[in-house]
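> Under numbering that gives the first Met the number 0, the first residue of the sequence shown is numbered 0, with each subsequent residue one higher.
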Amino acid sequence: MKMRRKKIALTGIGILLLFLSFPIAFIVRTALSEDGHKLSVPSGYANDASELNLTKVDSVIDIAKSKDSLLLQIRSLVAYAKAKNKPISIAGAQHSMGGHTMFPDGIVLNMRPYDHIEFDSASNVLTIGSGARWEDAINYLDKFDKSIAVMQAFSTFSIGGSISVNGHGWQKDSPPVSSSVISFTLLKSDGEIVNCSRSENAELFRCVVGGYGLFGIILDVKLRVVDNENMSFTRYKLDAKDYLTYFKKYASGDRNAKLVFGRLNISDKEFLQNATLNVFRSTGKPLMRKPKHDAFKTTEVKRLVFRSSVDSEYGKRLRWDLETNLGEFTADANISRNEILNDDVSLIENKNLGSTDILQEYFIPERRFNRYVQQLKSVLPDSDIDLINITIRNVYQDEDSFMPYARENVFGFVFLFNQKKTRDQENAMRRLTQTLVRLAIENDGTYYLPYRLHVDRNTFRKIYPQADAFFALKDKYDPDGIFRNTFYAHYR
Ligand SMILES: Cc1cc2nc3c(=O)[nH]c(=O)nc-3n(C[C@H](O)[C@H](O)[C@H](O)COP(=O)(O)OP(=O)(O)OC[C@H]3O[C@@H](n4cnc5c(N)ncnc54)[C@H](O)[C@@H]3O)c2cc1C
Numbered sequence: 000m001k002m003r004r005k006k007i008a009l010t011g012i013g014i015l016l017l018f019l020s021f022p023i024a025f026i027v028r029t030a031l032s033e034d035g036h037k038l039s040v041p042s043g044y045a046n047d048a049s050e051l052n053l054t055k056v057d058s059v060i061d062i063a064k065s066k067d068s069l070l071l072q073i074r075s076l077v078a079y080a081k082a083k084n085k086p087i088s089i090a091g092a093q094h095s096m097g098g099h100t101m102f103p104d105g106i107v108l109n110m111r112p113y114d115h116i117e118f119d120s121a122s123n124v125l126t127i128g129s130g131a132r133w134e135d136a137i138n139y140l141d142k143f144d145k146s147i148a149v150m151q152a153f154s155t156f157s158i159g160g161s162i163s164v165n166g167h168g169w170q171k172d173s174p175p176v177s178s179s180v181i182s183f184t185l186l187k188s189d190g191e192i193v194n195c196s197r198s199e200n201a202e203l204f205r206c207v208v209g210g211y212g213l214f215g216i217i218l219d220v221k222l223r224v225v226d227n228e229n230m231s232f233t234r235y236k237l238d239a240k241d242y243l244t245y246f247k248k249y250a251s252g253d254r255n256a257k258l259v260f261g262r263l264n265i266s267d268k269e270f271l272q273n274a275t276l277n278v279f280r281s282t283g284k285p286l287m288r289k290p291k292h293d294a295f296k297t298t299e300v301k302r303l304v305f306r307s308s309v310d311s312e313y314g315k316r317l318r319w320d321l322e323t324n325l326g327e328f329t330a331d332a333n334i335s336r337n338e339i340l341n342d343d344v345s346l347i348e349n350k351n352l353g354s355t356d357i358l359q360e361y362f363i364p365e366r367r368f369n370r371y372v373q374q375l376k377s378v379l380p381d382s383d384i385d386l387i388n389i390t391i392r393n394v395y396q397d398e399d400s401f402m403p404y405a406r407e408n409v410f411g412f413v414f415l416f417n418q419k420k421t422r423d424q425e426n427a428m429r430r431l432t433q434t435l436v437r438l439a440i441e442n443d444g445t446y447y448l449p450y451r452l453h454v455d456r457n458t459f460r461k462i463y464p465q466a467d468a469f470f471a472l473k474d475k476y477d478p479d480g481i482f483r484n485t486f487y488a489h490y491r
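#1: Under the DSSP definition of a beta bridge, which residues are partnered with G411?
#2: Taking the alpha helix (DSSP H) that T434 belongs to, which residues open and close that run?
#3: From the DSSP output, in three-state form, read off D356 for me.
#4: Name the DSSP beta bridge partners of G261, please?
#5: Can you give me the Cβ contacts of P103 inside the same chain, cut-off strictly under 6 Å, excluding the 5 residues immediately before and after it?
#6: I'd like the list of long-range same chain contacts for E312, defined as Cβ closer than 8 Å, with 5 residues on each side in sequence excluded.
#7: Just to confirm my understanding: we take R460, look at its own chain, exclude 5 residues before and 5 after, and list those with CB closer than 6 Å. What are they?
#8: Report, in whole angstroms, the separation of the C-beta atoms of G411 and E365, which I expect to be a contact under 8 Å.
#9: Kindly identify the DSSP beta-bridge partner or partners of N109.
#10: To the nearest angstrom, how far is the alpha carbon of T298 from that of L346?
#11: Are there 16 or more other CB atoms within 10 angstroms of the CB of K296, so buried, or fewer, so exposed?
#12: By the 10 Å Cβ neighbour count, where 16 or more other Cβ atoms means buried, how is P449 classified, buried or exposed?
#13: Please report how far the alpha carbon of L386 lies from the alpha carbon of L51, in whole angstroms.
#14: Which value, in whole angstroms, describes the spacing of the CA atoms of T458 and I23?
#15: Distance cutoff 7 Å, beta carbons only. Does L340 sit that close to anything in chain B?
#16: Please name the residue, chosen from I357, T275, I384 and Y371, that lies closest to T390 on a Cα-to-Cα basis.
#17: Can you round the beta-carbon distance between F270 and K145 to whole angstroms, since I take them to be within the 8 Å contact cut?
#18: What does a CB cutoff of less than 8 Å around R483 pick up in its chain, not counting 5 residues either side in sequence?
#19: Thinking C-alpha only, which one of A405, V77, V304 and D479 is nearest A30?
#20: Do T282 and ligand 1 come close, with the Cβ less than 6 Å from some heavy atom?
#21: Hey, out of V309, K248 and G97, whose CA is closest to F486's CA?
#22: Between E425 and V164, what straight-line distance do the alpha-carbon atoms span, to the nearest angstrom?
#23: So is I14 buried or exposed if we call it buried at 16+ other beta carbons inside 10 Å?
#24: Tell me, which residues are paired with Q170 by DSSP?
#25: Reducing DSSP to helix, strand and coil, say where E202 ends up.
#26: Where DSSP assigns a beta bridge to I334, which residues make up the other side?
#27: For the alpha helix (DSSP H) containing S377, name the first residue and the last one.
#28: For E269, write down the residues that DSSP places opposite it in a beta bridge.
#29: Shorter than 6 Å, the distance from the beta carbon of L108 to the closest heavy atom of ligand 1, or not?
#30: With distances taken from CA atoms, which of L222, R429 and D455 is nearest C195?
#31: Skipping 5 residues on each side, what residues in its chain have a beta carbon closer than 6 Å to that of L125?
#32: Quick check: the Cα distance between E322 and I384, rounded to an integer number of angstroms?
#33: Please state whether the Cβ-Cβ distance between S178 and V149 is less than 7 Å.
#34: Would you please state the rounded distance, in angstroms, between the beta carbons of L218 and Y113? I believe it to be under 8 Å.
#35: What is the rounded straight-line gap between the Cα of R28 and the Cα of L140?
#36: Considering only residues of the same chain and omitting the five flanking positions on each side of K171, which have a CB-CB separation below 8 Å?
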């Protein structure tokens, strides 16, 4: 009897190993096929996360860490820029993808060293240097059981970069990042520092939020923060056409649901037919002080599963199955909000020199949601560009920026593509972007501006009719054009 049980157990293990051997071998193959590439930028040049914007610049200058030296430094830099006609481009973590942080023969001002942080528990306000990353803020706030109110899905970006694009993330029913910004100080092109808020220098506040570094240098930011909370996680598997119904029932309609994102299946077999809705809810339980703080951290296995989906239908199916059934997140009632928000972009890092990952995002109103998904089904497969991810978030209307992408309450469709570094693929990506922008226009939607510059000036103005007024304000606040970047040169 004992012997028989042992035999059955061994056969079971054998079958399991056989069953797992192919996917494991496939993932190992992915690891072996990587050449370990990491972006390195030669001295005298700048580049960004796209890896497609290598630009020869005059200089790359690190901003001083302390306010006193910083003021002297920037004032003399502005004088130099004016005298030599060399524009200053402001750079945070450089995850924008259209040369937003550089200009040919210009000066790149690296804001990252300016990263001081203080928290005032009486007013519940975080004051932070604009060069700090969200992960710095999260790690600091964690000690006070506080958390970030609104930020992007990854914590790798800088505070100044996020305000300048007015980013958004998984925070349910929330406007973009600016809704948590109380005020900031801005160093203008004339060297003066002013405080900007909704009541003080309000016009400048509106221009700087989502203003792509064209109006001055954001220095110290005051952010409203929220409590860090214990959360549970639930994933709903559904038919993509039922997304809104599920979203209303399990996300919008549930006051405990705080962080929410959706994902669409991108394998050819069930292309955009099924989806998941991923919901993190407050449990009301006390925060756990962790030995398990790292449980949700980036792991190489998660990254490899993700990378296995590049150029492979099998990899795409495997990733969908693994992520929907085993999950990136566990159904665990002891995850803190800070752990969920503190995800590094290296989770999806591409380590191959021959290709790069390109992000795009379109904001579509709810009334067009289903029609838009149907249209994507016919448009996306026509392209030679490899689609590797689509997530969905909801973003409430942005009432802060002069040039908002969330003109009303919308759903953000975030596309990640893998593009080979060839001329053909660059052209294919341009065509695809133009098709997707057209689709957004047809659906009363907008496209997001931090990405590649494949959209022409007229189409840009169709979606952002405030553009000319925005540039007129740019001239008012920066008459000598001290702050410029490639994004500005393209759309101006
Ligand atoms: C993998 C990936 C995932 C992403 N996910 C999201 C997401 O979930 N949600 C979302 O909304 N966006 C997302 N983005 C876009 C991202 O939020 C923006 O590119 C953002 O600008 C990144 O911040 P950064 O620090 O890298 O900014 P940078 O790229 O360094 O700069 C962006 C702009 O901000 C300006 N700027 C930077 N610092 C300052 C400052 N101190 N003062 C004035 N201007 C400044 C720059 O001049 C530039 O125009 C993603 C991008 C990538 C590559």
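Even glycine gets a Cβ: it sits at the ideal position worked out from N, Cα and C. Nothing here was measured: the structure is a model prediction, and the numbers come from that model.
Result, derived from the coordinates:
#1: F362 and R392
#2: R422 to E441
#3: strand
#4: L276 and I391
#5: T54
#6: S266, D267 and K268
#7: A466
#8: That pair is no contact at about 12 Å.
#9: D61 and A90
#10: 7 Å
#11: Reliability fails at K296, whose pLDDT of 49 lies under 50, so the model's placement of it is uncertain and the value that follows must be treated cautiously. The residue in question, K296, is exposed, as its Cβ has fewer than 16 Cβ neighbours within 10 Å.
#12: buried
#13: 18 Å
#14: 46 Å
#15: Among the chains in the structure shown there is no chain B, since it carries only a single protein chain.
#16: T275
#17: Rounded, the Cβ-Cβ distance is 42 Å, inconsistent with contact.
#18: P86, I87, S88, F102, G105 and L213
#19: V304
#20: no
#21: G97
#22: 24 Å
#23: exposed
#24: L258
#25: helix
#26: M230
#27: F368 to V378
#28: The partner list for E269 (beta bridge, DSSP) is empty, contrary to what the question assumes.
#29: no
#30: L222
#31: F118, L222 and V224
#32: 23 Å
#33: yes
#34: 7 Å
#35: 40 Å
#36: A250, S251, A256, K257, L258, V259 and N393
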